[in-house]
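Written below as structure tokens is the structure these notes are about.
Number of protein chains: 2
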Amino acid sequence: MPKNKVIPLNKLKVACKNCGLAKLCLPLGLDSGDIDQLDAIVQRNRPLQRGGHVFQTGNKFRSLYVVKTGTIKTYTQCPNGSEQVVGFHLPGEVVGLDGIECDKHLCSAKALETTAVCEVPFQRLEELTSSIPGLQHQLFRLMSREITKETGLMVLLGKSTAEERLAAFLLSLSVRFHDRGFSPVEFNLSMSRQEIGSYLGLALETVSRLFTHFQDEKTLLVDRKHIEILNMDRLYSLLSNQTTCLDRLRAPN
Amino acid sequence: MPKNKVIPLNKLKVACKNCGLAKLCLPLGLDSGDIDQLDAIVQRNRPLQRGGHVFQTGNKFRSLYVVKTGTIKTYTQCPNGSEQVVGFHLPGEVVGLDGIECDKHLCSAKALETTAVCEVPFQRLEELTSSIPGLQHQLFRLMSREITKETGLMVLLGKSTAEERLAAFLLSLSVRFHDRGFSPVEFNLSMSRQEIGSYLGLALETVSRLFTHFQDEKTLLVDRKHIEILNMDRLYSLLSNQTTCLDRLRAPN
DNA sequence: GTCAAGTATTGATCTGGATCAGTTTTAGCG
DNA sequence: CGCTAAAACTGATCCAGATCAATACTTGAC
Numbered sequence: 126m127p128k129n130k131v132i133p134l135n136k137l138k139v140a141c142k143n144c145g146l147a148k149l150c151l152p153l154g155l156d157s158g159d160i161d162q163l164d165a166i167v168q169r170n171r172p173l174q175r176g177g178h179v180f181q182t183g184n185k186f187r188s189l190y191v192v193k194t195g196t197i198k199t200y201t202q203c204p205n206g207s208e209q210v211v212g213f214h215l216p217g218e219v220v221g222l223d224g225i226e227c228d229k230h231l232c233s234a235k236a237l238e239t240t241a242v243c244e245v246p247f248q249r250l251e252e253l254t255s256s257i258p259g260l261q262h263q264l265f266r267l268m269s270r271e272i273t274k275e276t277g278l279m280v281l282l283g284k285s286t287a288e289e290r291l292a293a294f295l296l297s298l299s300v301r302f303h304d305r306g307f308s309p310v311e312f313n314l315s316m317s318r319q320e321i322g323s324y325l326g327l328a329l330e331t332v333s334r335l336f337t338h339f340q341d342e343k344t345l346l347v348d349r350k351h352i353e354i355l356n357m358d359r360l361y362s363l364l365s366n367q368t369t370c371l372d373r374l375r376a377p378n
Numbered sequence: 126m127p128k129n130k131v132i133p134l135n136k137l138k139v140a141c142k143n144c145g146l147a148k149l150c151l152p153l154g155l156d157s158g159d160i161d162q163l164d165a166i167v168q169r170n171r172p173l174q175r176g177g178h179v180f181q182t183g184n185k186f187r188s189l190y191v192v193k194t195g196t197i198k199t200y201t202q203c204p205n206g207s208e209q210v211v212g213f214h215l216p217g218e219v220v221g222l223d224g225i226e227c228d229k230h231l232c233s234a235k236a237l238e239t240t241a242v243c244e245v246p247f248q249r250l251e252e253l254t255s256s257i258p259g260l261q262h263q264l265f266r267l268m269s270r271e272i273t274k275e276t277g278l279m280v281l282l283g284k285s286t287a288e289e290r291l292a293a294f295l296l297s298l299s300v301r302f303h304d305r306g307f308s309p310v311e312f313n314l315s316m317s318r319q320e321i322g323s324y325l326g327l328a329l330e331t332v333s334r335l336f337t338h339f340q341d342e343k344t345l346l347v348d349r350k351h352i353e354i355l356n357m358d359r360l361y362s363l364l365s366n367q368t369t370c371l372d373r374l375r376a377p378n
């Protein structure tokens with residue numbers, strides 16, 4: 126590997142205080158001193174390679190993980206071997222909340238590309254939230270958001286067509302990229318057609334056909350993993366006659 | 126209404142300490158003094174009639190609600206008028222968690238039968254959780270459970286057949302009734318076929334046909350809303366080749 | 001009691017998307 | 001660079017469950 130491709134470690138070990146994601150993450154609404162306390166318990170390990178696991182089903186629950194750079198997918202494994210994707214997580218999003226209840230992880234989380242995460246030991250976080258009301262509130266809010274997001278997906282899976290599902294998926298990514306300072310109309314997918322299909326309850330062939338279809342009607346410009354949204358209104362119109370999940374998508378924070 | 130059908134109010138105003146649901150609810154793991162503090166902020170209003178709303182989409186979020194007796198359904202309304210059921214809530218289950226994030230409710234909650242709820246003002250609850258670590262932990266656990274439950278449903282909606290969905294639904298009810306001291310093999314459904322279908326992403330006709338089908342193969346005995354499970358193993362076997370959602374069903378607490 | 005409205009059942013038909021199958025493109029590697 | 005395996009695309013077929021339609025059954029109001 127050539128030297129100029131090495132990711133400088135000091136860049137990855139940004140303190141919460143200086144982190145661009147702070148307004149999407151646990152520190153939201155905290156004052157400087159409180160952020161320092163939070164910062165002190167956060168562990169910043171070396172980045173994961175593509176395919177590396179953050180945790181696996183059955184592992185003891187110790188920490189929450191916040192994506193700093195890259196993408197994480199969470200998934201469950203079926204007895205018959207096939208896997209079902211339950212979420213894609215972008216920078217600033219928390220992974221591992223489902224482990225709190227039973228004190229062990231109920232899904233697995235792996236990196237879709239080179240990915241850096243902040244590890245937040247949960248027991249120490251709970252100690253902190255007791256003394257920092259704003260932090261407690263923000264953690265409640267993040268968990269509430271997770272519930273909201275999943276409810277929206279349930280509604281989508283319950284009664285939408287394949288076309289509507291993919292539109293909702295692309296708009297969700299668009300909004301989230303935008304919130305993170307990236308272009309809302311042009312981005313790269315870090316997941317395969319297979320994984321998108323699994324997440325949306327569709328066959329990978331259907332996903333592929335839909336990309337072609339959206340390209341044909343000039344809604345998208347698709348080049349393998351690179352997506353450009355040419356007609357945003359068209360995507361929104363596919364959801365407008367539907368549910369409240371639009372609000373859920375828009376609500377960024 | 127004859128006098129002997131009036132529900133005595135004093136029975137509905139049981140303190141947390143004497144409530145049979147305490148081990149499923151917020152007080153789990155607290156000592157007597159802490160429960161008293163929690164008890165002091167809980168509001169016990171008069172029961173809701175069938176069809177009455179606990180809250181509606183867009184209402185300001187002020188409180189969480191715990192079902193004490195009866196059943197609550199939560200649902201979202203589509204612009205075109207149709208509604209989508211997102212959950213059924215039995216005694217001991219918390220409703221309203223999705224309101225924390227945006228400080229307003231994102232779904233509506235209504236009683237499917239005469240239903241009593243405990244109202245827990247959230248701001249006061251947050252003050253208490255700061256000083257009672259066990260209460261904070263239990264609230265985190267309840268929220269985590271909600272996330273787990275929804276993930277399980279997503280997986281179910283994503284790739285299961287109609288038969289598997291209804292089996293999972295019935296088993297979920299069975300387990301939950303059992304946890305609450307009722308028979309796991311014989312119970313009454315408080316929701317319509319329509320509502321079951323909406324929840325499971327199926328047409329009401331399909332739900333009806335499946336009940337007939339399960340009856341024909343001697344898995345169930347169905348009399349309108351009354352269900353008796355004759356062959357529990359058969360229902361479990363429908364899920365066994367599937368996902369991890371079995372574990373999610375079984376995990377009662 | 002009758003009537004009307006809601007709820008459930010059952011049958012017939014249709015269709016969106018799964019599945020199967022074959023081809024092409026891309027990415028990784030010695 | 002060519003070789004191999006995975007990923008993506010495309011076409012043909014099939015089927016689970018939606019939709020449409022007609023008929024009961026239940027419940028509550030008057």
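Heads up: the sequence lines are chains A and B, in that order. All residue numbers for the first sequence refer to this note's numbering, where the first residue is 126 and numbers rise by one. All residue numbers for the second sequence refer to this note's numbering, where the first residue is 126 and numbers rise by one. Note that CB positions come from ideal geometry on N, CA and C, so glycine has one too. All figures in this text were calculated on a predicted structure; none of them were measured in a lab.
- Is the Cβ of PRO258 (chain A) closer than 7 Å to any Cβ of chain B? yes
* Can LEU298 (chain B) and LYS350 (chain B) be called in contact, C-beta distance under 7 Å? -> no
Beta-carbon gap between LEU222 (chain B) and GLU271 (chain B) smaller than 7 Å:
yes
DSSP bridge partner residues for PHE336 (chain A) (one or two, in chain order): For PHE336 (chain A), DSSP records no beta bridge to any residue.
I'd like to know whether the C-beta atoms of PHE294 (chain A) and PHE302 (chain A) end up nearer to each other than 7 Å. No, the Cβ-Cβ distance between PHE294 (chain A) and PHE302 (chain A) is not below 7 Å.
Q) Roughly how many angstroms separate the alpha carbons of PRO216 (chain B) and THR239 (chain B), rounded to a whole number? A) Whole-angstrom Cα-Cα distance: 12 Å.
Q.
With a threshold of 6 Å on Cβ separation, who are the neighbours of GLN340 (chain A) within its own chain once the five nearest residues in sequence on each side are excluded?
A. VAL347
Going along the chain, which residues of its own chain have a beta-carbon closer than 8 Å to the beta-carbon of GLY158 (chain A), five neighbours each way excluded? Same-chain partners within the cutoff: there are none.
What is the DSSP secondary structure of LYS284 (chain A), reduced to helix, strand or coil? helix
Requested in this report: Could you run through the region 260 to 282 of chain B and flag, in chain order, every residue whose CB is less than 7 Å away from some CB of chain A?
Outcome: Cβ contacts with chain A come from GLN261, HIS262, PHE265, ARG266, MET268, SER269, ARG270, GLU271, ILE272, THR273, GLU275, THR276, LEU278, MET279, VAL280 and LEU282.
Residues of its chain near VAL210 (chain A), where Cβ-Cβ distance is below 6 Å and the 5 sequence neighbours each way are ignored
LYS198, TYR200, GLU320, SER323 and TYR324
### Task
Report yes or no: is there a C-beta of chain B within less than 7 Å of the C-beta of SER255 (chain A)?
yes
task = Establish whether the CB of GLU353 (chain A) and some CB of chain B are separated by less than 7 Å.
result = no
Worksheet entry | Local Cβ density within 10 Å of LYS274 (chain A), reported as buried at 16 or more and exposed below that | buried
| request: Determine which residues share a DSSP beta bridge with ASP341 (chain A) and list them. | output: According to DSSP, ASP341 (chain A) bridges with nothing at all.
**Q.** Residue interval of the beta strand (DSSP E) (run including ALA236 (chain A))
**A.** Boundaries of the beta strand (DSSP E) around ALA236 (chain A): 233 to 236.
(request) Can you give me the start and stop residues for the alpha helix (DSSP H) that PHE186 (chain A) sits inside? (result) Taken as a continuous stretch (DSSP letters only), PHE186 (chain A) belongs to no alpha helix (DSSP H), as it is neither H nor E.
Item to check | Euclidean distance between Cα positions of GLU125 (chain B) and VAL192 (chain B) | outcome: What the structure shows of chain B is the stretch from 126 to 378, and residue 125 (chain B) is not part of that stretch, so it cannot be assessed.
task: Select from B:ASN184, B:SER256 and B:GLY259 the residue whose C-alpha is nearest the C-alpha of ILE231 (chain B).
output: Correcting the residue type first, residue 231 (chain B) is Leu in the shown sequence and not Ile. Minimum Cα distance to LEU231 (chain B) is reached at B:ASN184.
For GLY277 (chain B), the three-state DSSP class (helix, strand or coil) | helix
Spatial neighbours of LEU291 (chain B) in its chain, beta-carbon cut-off 7 Å, leaving aside the 5 residues before and after: LEU325, VAL332 and LEU335
When you compare only the Cα positions, how much space is there between LEU360 (chain A) and LYS343 (chain A)?
Their backbone Cα atoms lie some 11 Å apart in a straight line.
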